[in-house]
Amino acid sequence: MNRLLLILIIAIYLPLSTMGQKTYVLCVGIADYENINDLTITENDAKVFAQLMSTQGAETTVLLGKDATHVNIISALRSVFAKATIQDKMIFYFSGHGYEGGFCCYDMATTSATGAQKYMGGLSYAEMQILFRNCRAGQKMVFADACFAGGLRKGEHVNISVQSARNGDVIYFLSSQTDETSLEMKESGNSLFTYYLVKGLSGEADSNTDKYITALEIYNYVYKEVSEYAAKIPHSQHPVMWGKFDSNIKLFNLK
């Protein structure tokens, strides 16, 4: 009887532990935009991040350039999100233009016909919150290398969709604060934030050498390196991390 009970326990819990190892990643990089000014190395950012995650056993999906339209990004997010279970980790990576309320898709356009600038074709924080709400993954993360990515306030106006994202259960790690632009680091082939993000997740951020990268470790490492590099130019760029989470949560396993 004891042997039968042991077999049943193994049969139940072994699949769950195996499922818990899955990481799903959607990487978006846009350099050549349809309607707004172009960038140079942001598509390479997405490729490099996807490559890093693949070495850690993640299932990666990559959208680049003209394929990264608003419709296609939403569709890809829904498709990848549908695969995740409570044991899994879901990561959305974006490199491209940003605005105070979200990220600029390939078909992004702006208009100021009414006197106030409006964004069409952008992936807003409000949309992302709705999509992530329907994702069952136990860990949900967004890494974004985009100008104005941390834009909570513009003048006296507080962006409600950004405030909602800050209070949600998704970890947002963003390359810049309100009214800051995010630098491209052409000598490295990557944007400044992504360059140090990849170095940090590859092991440089493991300050206590326990083979795990926590939220606090990656934030401290990237914030220090990015802000110090930018200051020498001189330029002001300070990464931010949002969300309701334990700062000691283990994001990446280097073992």
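When the letters of the sequence shown are read in order and numbered with my numbering, they come out as residues 540 to 794. From the three backbone atoms N, C-alpha and C, an ideal C-beta is built for every residue, glycine too. A quick note: this is a predicted structure, and the numbers were derived from the prediction, not measured.
I need the DSSP call for residue i, collapsed to helix, strand or coil.
{"i": "glutamate 600", "result": "Checking the displayed sequence, the identity of residue 600 turns out to be threonine instead of glutamate. The answer is strand: DSSP assigns threonine 600 an E or B state."}
{"i": "aspartate 584", "result": "helix"}
{"i": "lysine 789", "result": "strand"}
{"i": "glutamine 716", "result": "strand"}
{"i": "serine 614", "result": "helix"}
{"i": "tyrosine 563", "result": "strand"}
{"i": "glycine 637", "result": "strand"}
{"i": "isoleucine 699", "result": "Note that isoleucine 699 has pLDDT 46, beneath the 50 cutoff, so the model's placement of it is unreliable and the number below is only indicative. Isoleucine 699: helix per DSSP, three-state reduction."}
{"i": "glycine 677", "result": "coil"}
{"i": "phenylalanine 620", "result": "helix"}
{"i": "aspartate 627", "result": "coil"}
{"i": "aspartate 646", "result": "strand"}
{"i": "serine 775", "result": "coil"}
{"i": "lysine 750", "result": "coil"}
{"i": "glutamate 573", "result": "coil"}
{"i": "glutamine 590", "result": "helix"}
{"i": "leucine 578", "result": "coil"}
{"i": "alanine 744", "result": "coil"}
Spatial neighbours of residue i within its chain, please: C-beta separation below 7 Å, excluding the five flanking residues on both sides.
{"i": "serine 593", "result": "Thr599"}
{"i": "lysine 789", "result": "Tyr751, Thr753"}
{"i": "lysine 794", "result": "Lys750"}
{"i": "aspartate 571", "result": "Asp577, Gly604"}
{"i": "asparagine 611", "result": "Leu602"}
{"i": "leucine 736", "result": "Phe682, Val761"}
{"i": "aspartate 785", "result": "none"}
Determine the contact status of residue i and residue j, defining contact as a CB-CB distance below 7 Å.
{"i": "aspartate 584", "j": "serine 775", "result": "no"}
{"i": "alanine 648", "j": "glycine 660", "result": "yes"}
{"i": "aspartate 627", "j": "lysine 561", "result": "yes"}
{"i": "valine 681", "j": "phenylalanine 732", "result": "no"}
{"i": "alanine 498", "j": "glycine 635", "result": "This structure cannot settle anything about residue 498, because the visible part of the chain is limited to 540 through 794."}
Considering only residues of the same chain and omitting the five flanking positions on each side of residue i, which have a CB-CB separation below 6 Å?
{"i": "phenylalanine 620", "result": "Cys674"}
{"i": "methionine 629", "result": "Tyr563, Ala623, Cys674, Ala676, Lys679"}
{"i": "phenylalanine 633", "result": "Val567, Phe642, Ala683"}
{"i": "isoleucine 757", "result": "Gly739, Ala744"}
{"i": "phenylalanine 791", "result": "Leu740, Ile752"}
Determine which residues share a DSSP beta bridge with residue i and list them.
{"i": "glutamate 723", "result": "Ser730"}
{"i": "leucine 670", "result": "According to DSSP, leucine 670 bridges with nothing at all."}
{"i": "tyrosine 711", "result": "Val681, Trp781"}
{"i": "glycine 568", "result": "Leu603, Ser634"}
{"i": "leucine 755", "result": "DSSP lists no partner for leucine 755."}
{"i": "leucine 662", "result": "Phe642"}
Which residue's Cα is closest to the Cα of residue i: the options?
{"i": "lysine 738", "options": "Leu591, Ile575, Leu578", "result": "Leu591"}
{"i": "asparagine 574", "options": "Glu726, Leu736, Ala589, Tyr645", "result": "Tyr645"}
{"i": "serine 614", "options": "Ala770, Leu670, Pro773, Tyr638", "result": "Leu670"}
{"i": "glutamate 726", "options": "Ile580, Ile569, Leu565, Lys561", "result": "Ile580"}
{"i": "tyrosine 711", "options": "Ala665, Asp627, Asn747, Trp781", "result": "Trp781"}
{"i": "serine 618", "options": "Leu565, Ala685, Leu736, Thr608", "result": "Leu565"}
{"i": "alanine 607", "options": "Ala597, Ile569, Gly596", "result": "Ile569"}
{"i": "alanine 769", "options": "Leu722, Phe791, Leu616", "result": "Leu722"}
{"i": "methionine 667", "options": "Leu616, Ala589, Glu767", "result": "Leu616"}
Given residue i, which residues of its chain have a CB within under 8 Å of its CB, disregarding the five upstream and five downstream residues?
{"i": "tyrosine 762", "result": "His777, Pro778"}
{"i": "tyrosine 734", "result": "Met724, Ser727"}
{"i": "phenylalanine 687", "result": "Gly637, Tyr638, Glu639, Ser715, Thr717, Asp718, Glu719, Thr720"}
{"i": "serine 746", "result": "Glu756, Asn759, Tyr760"}
{"i": "glutamine 595", "result": "Thr562, Phe791, Asn792"}
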